[in-house]
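Quick mapping for you: the protein sequence lines, in order, are chains A and B. Heads up: the first sequence runs through residues 1 to 384, numbered per this note's numbering. Heads up: the second sequence runs through residues 385 to 768, numbered per this note's numbering. Notes to accompany the following structure.
There are 2 protein chains.
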Amino acid sequence: MSGAEEIGVLILKLFVILASAKFAGVLAEKLKQPAVLGEILAGVILGPSIFGFIQPGGEAVLTFLAEIGVILLLFEVGLESNIHQLLKSGLASLLVATIGVAVPFGLGYYYSIAAGFSNLVAIFIGATLTATSVGVTMRVFSDLNKVQSEEAKVILGAAVIDDVIGLIILSVLVGIVETGTVSMPGIGKILLYSVVFLVASIAIGIRFTPFIFRIVHALNIRRTFVISAFLFALALAFVANKIGLATIVGAFAAGLILEQTQHKEHIIERIKPVSNLFVPLFFVMAGVYLNVWSMFEPGIFHLVLVILGIAVVGKMASGLGCVRTKARRYAVGLGMIPRGEVGLIFASYGLTTGLATEALYSALVIVIMLSTLIVPPLLKPFVK
Amino acid sequence: MSGAEEIGVLILKLFVILASAKFAGVLAEKLKQPAVLGEILAGVILGPSIFGFIQPGGEAVLTFLAEIGVILLLFEVGLESNIHQLLKSGLASLLVATIGVAVPFGLGYYYSIAAGFSNLVAIFIGATLTATSVGVTMRVFSDLNKVQSEEAKVILGAAVIDDVIGLIILSVLVGIVETGTVSMPGIGKILLYSVVFLVASIAIGIRFTPFIFRIVHALNIRRTFVISAFLFALALAFVANKIGLATIVGAFAAGLILEQTQHKEHIIERIKPVSNLFVPLFFVMAGVYLNVWSMFEPGIFHLVLVILGIAVVGKMASGLGCVRTKARRYAVGLGMIPRGEVGLIFASYGLTTGLATEALYSALVIVIMLSTLIVPPLLKPFVK
Numbered sequence: 001m002s003g004a005e006e007i008g009v010l011i012l013k014l015f016v017i018l019a020s021a022k023f024a025g026v027l028a029e030k031l032k033q034p035a036v037l038g039e040i041l042a043g044v045i046l047g048p049s050i051f052g053f054i055q056p057g058g059e060a061v062l063t064f065l066a067e068i069g070v071i072l073l074l075f076e077v078g079l080e081s082n083i084h085q086l087l088k089s090g091l092a093s094l095l096v097a098t099i100g101v102a103v104p105f106g107l108g109y110y111y112s113i114a115a116g117f118s119n120l121v122a123i124f125i126g127a128t129l130t131a132t133s134v135g136v137t138m139r140v141f142s143d144l145n146k147v148q149s150e151e152a153k154v155i156l157g158a159a160v161i162d163d164v165i166g167l168i169i170l171s172v173l174v175g176i177v178e179t180g181t182v183s184m185p186g187i188g189k190i191l192l193y194s195v196v197f198l199v200a201s202i203a204i205g206i207r208f209t210p211f212i213f214r215i216v217h218a219l220n221i222r223r224t225f226v227i228s229a230f231l232f233a234l235a236l237a238f239v240a241n242k243i244g245l246a247t248i249v250g251a252f253a254a255g256l257i258l259e260q261t262q263h264k265e266h267i268i269e270r271i272k273p274v275s276n277l278f279v280p281l282f283f284v285m286a287g288v289y290l291n292v293w294s295m296f297e298p299g300i301f302h303l304v305l306v307i308l309g310i311a312v313v314g315k316m317a318s319g320l321g322c323v324r325t326k327a328r329r330y331a332v333g334l335g336m337i338p339r340g341e342v343g344l345i346f347a348s349y350g351l352t353t354g355l356a357t358e359a360l361y362s363a364l365v366i367v368i369m370l371s372t373l374i375v376p377p378l379l380k381p382f383v384k
Numbered sequence: 385m386s387g388a389e390e391i392g393v394l395i396l397k398l399f400v401i402l403a404s405a406k407f408a409g410v411l412a413e414k415l416k417q418p419a420v421l422g423e424i425l426a427g428v429i430l431g432p433s434i435f436g437f438i439q440p441g442g443e444a445v446l447t448f449l450a451e452i453g454v455i456l457l458l459f460e461v462g463l464e465s466n467i468h469q470l471l472k473s474g475l476a477s478l479l480v481a482t483i484g485v486a487v488p489f490g491l492g493y494y495y496s497i498a499a500g501f502s503n504l505v506a507i508f509i510g511a512t513l514t515a516t517s518v519g520v521t522m523r524v525f526s527d528l529n530k531v532q533s534e535e536a537k538v539i540l541g542a543a544v545i546d547d548v549i550g551l552i553i554l555s556v557l558v559g560i561v562e563t564g565t566v567s568m569p570g571i572g573k574i575l576l577y578s579v580v581f582l583v584a585s586i587a588i589g590i591r592f593t594p595f596i597f598r599i600v601h602a603l604n605i606r607r608t609f610v611i612s613a614f615l616f617a618l619a620l621a622f623v624a625n626k627i628g629l630a631t632i633v634g635a636f637a638a639g640l641i642l643e644q645t646q647h648k649e650h651i652i653e654r655i656k657p658v659s660n661l662f663v664p665l666f667f668v669m670a671g672v673y674l675n676v677w678s679m680f681e682p683g684i685f686h687l688v689l690v691i692l693g694i695a696v697v698g699k700m701a702s703g704l705g706c707v708r709t710k711a712r713r714y715a716v717g718l719g720m721i722p723r724g725e726v727g728l729i730f731a732s733y734g735l736t737t738g739l740a741t742e743a744l745y746s747a748l749v750i751v752i753m754l755s756t757l758i759v760p761p762l763l764k765p766f767v768k
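Pasting the structure below:
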């Protein structure tokens, strides 16, 4: 109903993205690499780095479809997880998350101070390195049918806790930038919302399963099943977003809850064709955001290397938190490395408030993207 | 990767649209009406007519998702049609299409002249009433599992021919407005492109089936099947759009071609969950575009009534073209009534070039939407 030409351009872009994602994914698998690596590289090739056919933030439609993709991915991961087993590895997750936030933040902060950045910018750089994005990691586990492994459980739990801690740090930073002081009520509010949301989801998942089952069953009228499940994921994604959490935390919670119903298998089977279509969009778009050439600008290359080192070492250290679990520390540490949406939110915030210069922003975005790019090939042998 | 707040708003809108589409669709079926009627009414309620929660053209994302919806619908209809059987009812389709263009155009033109409009505006009004949009009609047939009925075949063929004739009329109109004269090469080009596109699609469908089958089979690597089929539909939709045809003509052709492969059942089964998600979006958005209140503005109500009468009578007359077929004339005539995207393209063109005043534009859009709204309840008893 908008211009026919505009529609044509969007259809072409969608076609090219999906076709190249599919082609690159198959090619990566032929080379014994995870498909997701091929998809990210397809994005790098389509994006400003090479062809410039797709521009970061150029099409709101593609950005949103990518967001739906990552929501569906974490919804599926939730459907294939089990809440009781996640709680069992709760202590390990908590330790992994805490180490995985503290070490990158500390190292990032002290390096930045040493490099001559101001106290506030140093906090900003440290904070950007804290949040884990499990999209890529879970895709590797999912590609290898290992979503139910001990490592995946620890990482999922840790990433959720990470997300909450990261958001608290961000709100502290926002408070300092805006008012010059630390806002304790603001921190309290985010903490309260997050805990209430997660505990409520978990409680519902464990206690109200029969009730939810009846609702889902009542809604199970002709060809509405996939929509009901999808709507549930969207609803929790929206609530998470409203609270200030990442949408994917809500989608993951929705999956966890529906996993407790008898319809689990049916939902997974019906949601797969939909997610197969959307999920690659997220990874292609992640590749589009990576401009490989800005890495070679003067001063940036060194900065990228050091920050990347901190980002990798900091999260590898988090593997040491694996206590009372069979999860291997290397695999967990590797799986915690990718930074994604949350890191990008931090970086964008820094750019818009003037905390980060263009160069610092580019360096951080490149680190975020490299952290995502290096994980699949490194992690794959450990997951197998 | 865009603003978290923006993403939140879009997720909420998508949730509300899908949830109300599902609710209204189920309610309509409980009242023995087609689900599509409920979905359109859900759009009217969400749109500016009542709540103003969704604005026409407000979100490019929703407009595009709706477009994907109607592409998937016609792709499915193609998959459930058969090219040989469509050709069998070719004569009836041609006659139905010709009458269905000539009568509304003639009546619309003469009424407009009588009402004091200029010659050019009269041509514009007549032309706007010509093109049939089979989305709603095919949804009624599809809801009742009657896509393979004689009536559906005649209507599908006629709608494709209609679309081509409608585009020729539009290009003539554009030519007159822009140059003051009729551009014969322009008309020839569109006619040539359209015929080549359709004949090529049909030829491929009939002759190259084994070859296509091998390609599809070769592409049938793990979890890529639904993407391959979807990509094929997108590709032909894009080609149709480039030629100047409606995207849905390309999607329908893609479905027709894949119907000839052995994978037909598998594709239908895997594409259904995807289309169940997208198709309702199209019909909700169609409802959003309908502002029921503008109908009661002075002068508009009368205009709407007369033009609606012409739109209905003109297409009902097209049912007389049913020769050498068992298709019932009433059902075919009713099925040809809905105007949709193509009619809206005409109306928008009129508004932007100044051919149509705001009032005339509103009247035409209301007629287009009413023509869509009245068909499901009228058609349902005939299809059953």
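Every residue, glycine too, gets a C-beta built ideally from N, C-alpha and C.
Within chain A, P273 have C-beta atoms less than 7 Å from the C-beta of B/R654, given in sequence order.
Segment contact: the region 511–520 of chain B against the region 713–733 of chain B, three or more CB-CB distances shorter than 8 Å; contact assigned. For a cut-off of 8 Å, the C-beta gap from B/A715 to B/V767 is around 7 Å, short enough to register as a contact.
Among the CB atoms of chain B, none fall inside 8 Å of the CB of A/N145. Nearest Cα to A/K189 within the set A/L245, A/L234, A/E178, A/Q148: A/L245.
DSSP places B/E681 outside both helix and strand once states are collapsed to three, so it counts as coil. Under the rule that a run must span 3 or more residues, no beta strand (DSSP E) segment is found entirely inside the region 712–753 of chain B.
B/Q644 counts as buried, since no fewer than 16 other beta carbons sit within 10 angstroms of its beta carbon.
Between A/D163 and A/V101, the gap from beta carbon to beta carbon reaches 8 Å or more. Sequence-ordered contacts of the region 22–34 of chain A with chain B read K22, V26 [C-beta pairs closer than 7 Å]. The contact set of A/V61 on chain B, defined by CB atoms closer than 9 Å, consists of A444, V445, T447, F448, L449 in chain order. The Cβ of A/L234 sits closer than 8 Å to at least one Cβ of chain B.
For B/E460, the CB contacts under 6 Å within the same chain, skipping 5 residues up- and downstream, are S659 in chain order. For A/K242, the C-beta contacts it makes with chain B under 8 Å involve G392, in order along the chain. Across the structure, B/Q646 and B/L470 are spaced so that their CA atoms are roughly 19 Å apart. Setting aside the 5 residues that flank it on each side, A/L74 is surrounded in the same chain by I248, A251, F252, each with a C-beta closer than 6 Å to its C-beta; the list follows chain order. Contact between A/A254 and A/A233 holds, with the beta-carbon distance rounding to 4 Å and staying under 8 Å. Contact check for B/I651 and B/L456: beta-carbon distance about 12 Å, past the 8 Å limit, so the pair fails to qualify.
Residue-level contact check: B/I611 touches chain A, since one or more beta carbons of chain A fall below 8 Å from its beta carbon.
Residues of chain B with a Cβ closer than 8 Å to the Cβ of A/I204 do not exist, since the nearest Cβ in that chain sits about 18 Å away.
Within 7 Å of the CB of B/I729, the CB atoms of chain A belong to A4, in sequence order along the chain. For B/Q469, the secondary structure class from DSSP, reduced to helix, strand or coil, is helix. Within the same chain, Cβ atoms closer than 6 Å to the Cβ of B/L620 are found at G634, A637, A638, the five residues on either side in sequence being excluded.
Taking C-beta separations shorter than 7 Å and ignoring five residues to either side along the sequence, the partners of A/C322 in its chain run A92, V96, V154, R329, V332, following chain order. Secondary structure within the region 96–173 of chain A: the alpha helix (DSSP H) runs of 4 or more consecutive residues, fully enclosed, are 119–128, 134–143 (chain order). Of all residues in the region 121–149 of chain A, none has a C-beta nearer than 9 Å to a C-beta of chain B.
DSSP, reduced to helix, strand and coil, places B/V663 within a helical segment of the structure shown. By the C-beta density criterion, A/V16 is buried, having at least 16 other C-beta atoms within 10 angstroms.
Of the candidates B/M669, B/I553, B/S502, the residue whose Cα lies closest to the Cα of B/G738 is B/S502. The alpha-carbon of A/T130 is positioned some 12 Å away from that of A/I345.
Between A/F141 and A/A356, the C-beta spacing is not below 8 Å. Between A/I366 and A/M285 the beta-carbon gap is near 16 Å, outside 8 Å, which marks them as no contact. CA-to-CA, the gap between B/I684 and B/V558 works out to about 26 Å. Boundaries of the alpha helix (DSSP H) harbouring A/V9: 4–30, taken from the DSSP string. In the pairwise beta carbon analysis, the region 189–199 of chain A is classified as not touching the region 363–380 of chain A: fewer than three pairs are separated by under 8 Å. Close partners of B/A740 in chain A (Cβ separation under 8 Å) are lacking, with about 17 Å as the shortest Cβ gap.
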